[in-house]
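Chemist: Position one of the sequence shown corresponds to residue 34 (the numbering used here), numbered consecutively onward. Ideal placement from N, C-alpha and C gives every residue a C-beta, glycine not left out.
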Amino acid sequence: TPELAFELGRLCHIAADLSQPLHTDGGPGRPFEDRYHARYEKEVERLLDEFGPVTARSAAPPADVRSALEALARAAHAGYEPIEHAYLSGKGLAPVTELTRVRLRESVAATLDLWASVPPPARGGPPAGASSEAGQAAAVLLAYFGYASLRRRARLSSSGYAASAGRRAVGSARRCG
Numbered sequence: 034t035p036e037l038a039f040e041l042g043r044l045c046h047i048a049a050d051l052s053q054p055l056h057t058d059g060g061p062g063r064p065f066e067d068r069y070h071a072r073y074e075k076e077v078e079r080l081l082d083e084f085g086p087v088t089a090r091s092a093a094p095p096a097d098v099r100s101a102l103e104a105l106a107r108a109a110h111a112g113y114e115p116i117e118h119a120y121l122s123g124k125g126l127a128p129v130t131e132l133t134r135v136r137l138r139e140s141v142a143a144t145l146d147l148w149a150s151v152p153p154p155a156r157g158g159p160p161a162g163a164s165s166e167a168g169q170a171a172a173v174l175l176a177y178f179g180y181a182s183l184r185r186r187a188r189l190s191s192s193g194y195a196a197s198a199g200r201r202a203v204g205s206a207r208r209c210g
């Protein structure tokens, strides 16, 4: 259904955001981010034209998905300061192009992994709180990928981005239900 596709897209967007270095920090500890965040994202769009095919790494999720998502965000976070330095020093995307390509590939691969590993809905009815097909799919994703746990446990940044992503994922499931 269109609602199902929308909510799965929203959940994949949240997972992909964990691969974007500038989405892993911010807030009071990064007072200059507003000077380069939008510019970086706009310049990254140019790299998309150079992109070749990316395939899902596995049809099965990792044994501990929460840890895998946290590792994805930590790997992305390692790129935060190089991007910040490149833009604040006036060099822009050039010094961080390869780092950015790696993050883009990880983002696409993580999204493909998420779509490829969604389990079929359980027989016998939707999970608790899901009253529609879309709500059932979103609830299965939330349970399977641990977004609620990620929301409670992840402290990846001073801005609380991971917690915000978790709240949006839970909200998606509620809107579908």
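1. Helix, strand or coil: which one does DSSP assign to Gly179?
2. Per DSSP, what kind of secondary structure is Ala133 in: helix, strand or coil?
3. With the cut-off set at 8 Å, would you say Gly112 and Pro54 are in Cβ contact?
4. With DSSP run on the structure shown, which of helix, strand or coil describes Phe39?
5. Less than 8 Å between the C-beta atoms of Tyr69 and Leu121, yes or no?
6. Report yes if the CB atom of Val129 is closer than 8 Å to the CB atom of Ile116, and no otherwise.
7. Looking at the unbroken alpha helix (DSSP H) that takes in Lys75, where does it start and where does it end?
8. From Ala143 to Glu66, what does the alpha carbon distance come to, in whole angstroms?
Modeler: According to the structure data:
1. Unreliable positioning characterises Gly179 in this predicted model, as indicated by a pLDDT of 46, which lies under 50. A coordinate reading is not provided.
2. Per the sequence shown, residue 133 should be read as Thr rather than Ala. Three-state DSSP puts Thr133 in a helix.
3. Going by C-beta atoms, Gly112 is nearer than 8 Å to Pro54.
4. Correct three-state label for Phe39: helix.
5. Taking 8 Å as the cut-off, the beta carbon of Tyr69 is found closer than this to the beta carbon of Leu121.
6. In this structure, the beta-carbon distance from Val129 to Ile116 falls below 8 Å.
7. Its alpha helix (DSSP H) spans residues His70 to Leu80.
8. The straight-line gap from Cα to Cα measures roughly 25 Å.
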